[in-house]
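Contents: one structure, followed by commentary.
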Amino acid sequence: MNTARGARPVPALPAVGTVRTVLGDLSPTELGVCDAHDHLFLSSPLLPGQELRDASAATAELVAFRAAGGGSVVQWTPYGLGRRAADLPLLARATGVHIMAATGLHQAAHYAPESIDRLRHGLADLFVAELTEGLATSGVRAGFIKVAGGFHALDAHARWTMTAAAEAHHATGAPIAVHLELGTGALDVLDLLCGELGVPPDRVILGHLNRSPDPVVHLQAAETGAYLAFDGPSRANHATDWRMPDAVRALAEAGFGDRLLLGGDTTTAGARSVDGGPGMPYLLRRVRPRLELALGAALVERVLTVNPGRAFAVEW
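When you line the sequence shown up against my numbering, it's residues 108 to 423, in that order.
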């Protein structure tokens, strides 16, 4: 890997640029407490019967999140998975919660083969158009690019989508958020995006690191300057949940507290708090106080408010 592994901790820097929300560009300081990885709408053949399609439920979830102290949500739902882009501004206005939308493409298994074939040429152009013009005909512009790796590896689909994401980043400056399958493959992603494709590491956000609590890999990824997102509670391996505070504390103690992000990653209807699950409020109701015991309230506040602004701000 050629992305400065072993480098000294990256110093805290002020956010540069603006954060692109569904209601327009904002100063990073306006985000408030941010759920940096979640979903309001999501449909996939891999989650039959659990689709997030109900706008009233999404509204109720945002209201509950705001009541718990939340100020903004970053929706990681990419192209073709039911983003409901036209509904997002309505939800933001109705609830007072800032919402960021994504362009990008998930793993191939989430799409019909013919859908992938239609995108075979011009994928980077699609990402750029959704970042600068809008998602489909909604006029809602995406604020970042979401792609996905595989389990401990990158297949041809992942390399194709990440190459397109890198091209779109170079054209717009937009950050690239990466679904790591069960939290694995972080270093392979950084080798490709940063080592081969020239994306600055501080423009890369690695998701699901709580699902593979490997302190060595976490440290190596943080040393590059990438952002590390811990989002859950995990449904992959619940034993990782109680190990997450130790993983986050180790990174903070190594000097990487300014590279940490937190999110809820609500991917199914049953996981919403309004349907009896933990949902978005869980991040502030349970995860936040647990992390405050490990990190202290001041650092957790910074992780929830300052770091997302730095991670998602762009000089558009």
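Even glycine gets a Cβ: it sits at the ideal position worked out from N, Cα and C.
query                                                                                                                                                                               : result
Mind the definition here: the stretch 156-164 touches the stretch 209-225 only if three or more C-beta pairs lie below 8 angstroms; say whether that holds.                         : no
Quick one: what does DSSP say residue 91 is sitting in, helix, strand or coil?                                                                                                      : Any question about residue 91 goes unanswered here, given that the chain covers just 108 to 423.
Name the DSSP beta bridge partners of residue 338, please?                                                                                                                          : 370
Please classify residue 131: is it buried, with 16 or more other beta-carbons within 10 angstroms of its beta-carbon, or exposed?                                                   : exposed
Just to confirm, are residue 335 and residue 358 a CB contact at a threshold of 8 angstroms?                                                                                        : yes
When we look at the beta-carbon of residue 230 and count the other beta-carbons within 10 Å, is it buried (16 or more) or exposed?                                                  : buried
Just to confirm before moving on: does the CB-CB distance between residue 296 and residue 289 stay below 8 angstroms?                                                               : no
Could you check what DSSP says for residue 208 in three-state terms: helix, strand or coil?                                                                                         : coil
Could you tell me which of 278, 397, 333 sits nearest to residue 298, measuring between CA atoms?                                                                                   : 333
If residue 284 sits next to residue 251, beta carbons under 8 angstroms apart, how far is it from one beta carbon to the other, in whole angstroms?                                 : 6 angstroms
What residue from 235, 213, 232 has the CA that sits closest to residue 262's CA?                                                                                                   : 213
Considering only the beta carbon of each residue, do residue 219 and residue 237 sit closer than 8 angstroms?                                                                       : no
Pull up the CB-CB distance for residue 260 and residue 302, whole angstroms please, since I reckon it's below 8 angstroms.                                                          : In fact, because the Cβ distance is near 16 angstroms, the residues do not count as touching under 8 angstroms.
Curious, which full-length beta strand (DSSP E) runs of at least 3 residues does the stretch 288-364 contain?                                                                       : 311-314, 334-338
For the alpha helix (DSSP H) that contains residue 198, what are its first and last residues?                                                                                       : 195-202
In or out: residue 404 buried (at least 16 other Cβ within 10 Å) or exposed?                                                                                                        : exposed
Count the other C-beta atoms from every protein chain shown that fall within 10 angstroms of the C-beta of residue 380, then say buried if there are 16 or more, exposed otherwise. : buried
Is residue 381 helix, strand or coil when you go by DSSP?                                                                                                                           : helix
If residue 279 sits next to residue 423, beta carbons under 8 angstroms apart, how far is it from one beta carbon to the other, in whole angstroms?                                 : 7 angstroms
Pick from 192, 184, 267, 123: whose alpha carbon is nearest that of residue 374?                                                                                                    : 184
Looking at C-beta atoms only, is the number of pairs between the stretch 303-322 and the stretch 394-409 that lie closer than 8 angstroms three or more?                            : no
So, are the CB atoms of residue 142 and residue 390 less than 8 angstroms apart?                                                                                                    : yes
In whole angstroms, give me the CA-to-CA distance for residue 112 and residue 382.                                                                                                  : Note that residue 112 scores 47 on pLDDT, short of 50, meaning its location in the model is unreliable; the coordinates nonetheless yield the value given after this. Spanning the two alpha carbons is a distance of roughly 43 angstroms.
By DSSP, does residue 163 sit in helix, in strand, or in coil?                                                                                                                      : helix
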